[in-house]
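Working notes, structure below.
Numbering (the numbering used here), first residue to last: 4 to 133.
Below you can see the structure in the form of structure tokens.
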């Protein structure tokens, strides 16, 4: 007698005994926060994380992304005459990522209804997972 084994990287499919009620669809939510002010963005990040932990949701973050530095160098003299003196201006844009795992759409609505600080932009991306 020979026994055949199926070699596969994937687990074998299980036969379902009966139809079950569909579970609420779980999502991976990525919240992206951008701001020019570090204190404001950190305050919003901590309140997002606090709300998610209170609801019992698995949270990763805030992940601090590299700061973008937008630089502009201009001449001080408007006419172009005189000594060549320059002004250097810089605007820093800070970015944070927060990932929420296995979240229902109702919980997302509850978490994202917080007071935002001035100058903080929030982008919520939802990824369906099965």
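No residue lacks a Cβ here, since even glycine has one placed at the ideal position from N, Cα and C. Given the structure is predicted, the values throughout are model-derived calculations rather than measurements.
### Task
Give a yes or no on whether the C-beta atoms belonging to residue 60 and residue 29 are separated by under 8 Å.
no
#### Entry: Residue span of the beta strand (DSSP E) that contains residue 79, given as start and end
Taken as a continuous stretch (DSSP letters only), residue 79 belongs to no beta strand (DSSP E), as it is neither H nor E.
### Message
Could you check whether the segment 107-123 touches the segment 75-89, counting it as contact only if at least three pairs of C-beta atoms, one from each stretch, sit closer than 8 Å?
### Response
no
### Query
How long is the line joining the alpha carbons of residue 46 and residue 120, rounded to whole angstroms?
8 Å
#### Entry: Coarse secondary structure for residue 38, derived from DSSP in three states
strand
#### Entry: 6 Å Cβ shell around residue 124 - same chain, five flanking residues per side excluded
37
### Query
What three-state label does DSSP hand residue 118 in the structure shown?
coil
### Task
Please report the residue range of the beta strand (DSSP E) in which residue 106 lies.
89-106
### Sequence-distant residues of the same chain with beta carbon closer than 6 Å to residue 73, five excluded per side
94
### Task
Assign residue 69 to one of two classes, buried (16 or more other C-beta atoms within 10 Å of its C-beta) or exposed (fewer than that).
exposed
### For residue 123, the three-state DSSP class (helix, strand or coil)
coil
### Query
Relative to the alpha-carbon of residue 67, which residue among 111, 57 and 49 has its alpha-carbon at the smallest distance?
49
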